[in-house]
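To keep things clear, I will list the structure first and then write my remarks on it.
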Amino acid sequence: MAPKTHISYLDTIRGLAALAVISEHFVIAYGLPCETPLCQQLLDFSPLHIWWDGSAAVSMFFVLSGVVLSLRYFRAGHMPDLSEFHLARFLINRMFRIWLPYLLVLLISAGLFVNTFDSAILKTSLPATDWITGMWHKFPLTPADMLRESFLLKLPALIVLLPQAWTLSIELVLSLLLPVGLLLAGRGSSWLVFFGLLATSLLGVSIFLLHFLLGMTIARHYTDLTHYLSGRRWQRRLLLLTGLAFYTCGTFVPSDIFGDTAVWLGSGLGAGLILMFVLGSKDAQQVLSQPMLRQIGKVSYSAYLSHMAILICLTPLVLKFLEGFTENRLALWFGGWLITIGCVQGVSLLFYHWLEIPSMSLGRRVTDAIAAIGKPTV
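Here the sequence shown stands for residues 1 to 378, where the numbers follow UniProt numbering.
Structural data, given as structure tokens:
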């Protein structure tokens, strides 16, 4: 059974991970919706943290990227089929897919930043933290500083306009390593492990390379995994529970003792196990394929790009508006969170059609034009 080259329910997982990142940034900006210490402990130091566990979501992004980018090349089994792989086409399309929408949103964010930097900070009954109020008020940027943030392959140490872009820089580099990964996968999964450990320990490559290679390994064994897990319900449930435990390990494994690397590796392993569960569960795939969830997945990249600007510029106005109806902290929190999520989804839908689709189309036209130039004339 040959796997599909595009699986929509995997887009949904990316969309849910993006929602977790947005929720984490809202929580960092306005706190948790808690009025008791017990509530605070439950939402901060238990698996219930998953809905705003942005760090685990980042691990999911990288494992998922490894699965999605390499799955099409493992149609016939464990050996990658590279007959349709064209390096120049892949690299150009990847640049247009990631970098061009980033540049366009960065330009929009720069305009909003210039309008926001010298303006007064809007005070709301739901107090904002210094993290969010200082984001575009304490760090002045020159045009040269903004230009440096546009170079996604080497971002500055302090990223102001789109602070979440650090993951996109790593994502772009890792996706450019796909050809190397595919060649190594043809020799066996052990080669991927060796390459990953060598690159991360000796060559200084990001630890997220291991997440990406785990995704490639899952894609390599896609057919075997789906056949094995499809008829084994209890094994799938155990896989899911184990995956969730590792995925949320950052909530109960102290990074100051075990180190950030251990937490990242744990959440990456959990993300891989969760993805294997989904690949083997028709019920999970059916749930994740619901139209509303698929829509969230479709616009997830635009949501990831745009949400900080909305959180900085629009959410305070939303909270001020809600104060006209209630002073209750929980009502303000949930109202602000829900409306922020809704605004992000609305803006992302526009960006998807106005920025992402044209960027991908332009990338395809460029690669087609280059291919046409290289063809001999008759």
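Each residue gets a CB set at the ideal place from its N, CA and C atoms; glycine is no exception.
Look at the Cβ atom of residue 174, then the Cβ atom of residue 62, and state whether they are nearer than 8 Å. yes
Does the region 359-370 come close enough to the region 88-103 to have 3 or more Cβ pairs within less than 8 Å? The region 359-370, when compared against the region 88-103, does touch it at the 8 Å Cβ threshold.
From this set, 176, 65, 167, which residue's C-alpha is nearest residue 6's C-alpha? 65
Give every residue of the same chain whose Cβ lies closer than 8 Å to the Cβ of residue 282, excluding the five residues on either side of it in the sequence, and list them in chain order. 230
So, with DSSP's three-state summary, where would you put residue 151? coil
Excluding the 5 residues flanking residue 159 on each side, which residues of the same chain have their C-beta closer than 8 Å to its C-beta? 149, 165, 166
Between the beta-carbon of residue 153 and the beta-carbon of residue 332, is there less than 8 Å? Their beta carbons are not under 8 Å apart, which means residue 153 does not touch residue 332 by this criterion.
Other residues of its chain near residue 251: CB distance less than 8 Å, five sequence neighbours each side excluded: 44, 45, 46, 47, 49, 53
Can you tell me the Cα-Cα spacing of residue 130 and residue 104, whole angstroms? 28 Å
Taking the alpha helix (DSSP H) that residue 69 belongs to, which residues open and close that run? 54-71
Ends of the alpha helix (DSSP H) at residue 327? Taken as a continuous stretch (DSSP letters only), residue 327 belongs to no alpha helix (DSSP H), as it is neither H nor E.
Measuring alpha carbon to alpha carbon, tell me which of 113, 31, 21, 67 ends up nearest residue 221. 67
Does the beta-carbon of residue 187 have 16 or more other beta-carbons within 10 angstroms, so that it is buried, or is it exposed? It is exposed - the Cβ of residue 187 has fewer than 16 other Cβ atoms within 10 Å.
Within a Cβ cutoff of 7 Å, which residues of the same chain sit near residue 273, ignoring the five residues on either side of it in sequence? 239, 242, 243, 246
If you compare alpha carbons, which of 197, 223, 343, 260 is closest to residue 279? 223
Start-to-end residues for the alpha helix (DSSP H) that takes in residue 215: 208-220
Using a 10 Å radius around the Cβ and a threshold of 16 neighbouring Cβ atoms, would you call residue 337 buried or exposed? Residue 337 is buried by the Cβ-count criterion.
So, does the region 204-221 touch the region 8-17, judging by three or more C-beta pairs under 8 Å? no
Coil, strand or helix - residue 10 by DSSP: In the structure shown, residue 10 falls within a helical segment according to DSSP collapsed to helix, strand and coil.
Let's test the definition: count the other Cβ atoms within 10 Å of the Cβ of residue 138 and tell me whether it reaches 16, buried, or not, exposed. exposed
Cβ neighbours of residue 172 in the same chain (closer than 6 Å, five flanking residues each side left out): 98, 152
Reduced DSSP category for residue 399 - H, G, I as helix; E, B as strand; rest coil: Given that the chain is displayed from residue 1 to residue 378, the structure contains no residue 399 and the question cannot be resolved.
Taking the continuous alpha helix (DSSP H) assigned at residue 277, which residues delimit it? 260-280
Touching by the beta-carbon criterion (3+ pairs, under 8 Å), the region 19-36 and the region 77-95: no
From which residue to which residue does the alpha helix (DSSP H) around residue 292 run? Here the alpha helix (DSSP H) through residue 292 covers 291-298.
Please state whether DSSP places residue 342 in a helix, a strand or coil. helix
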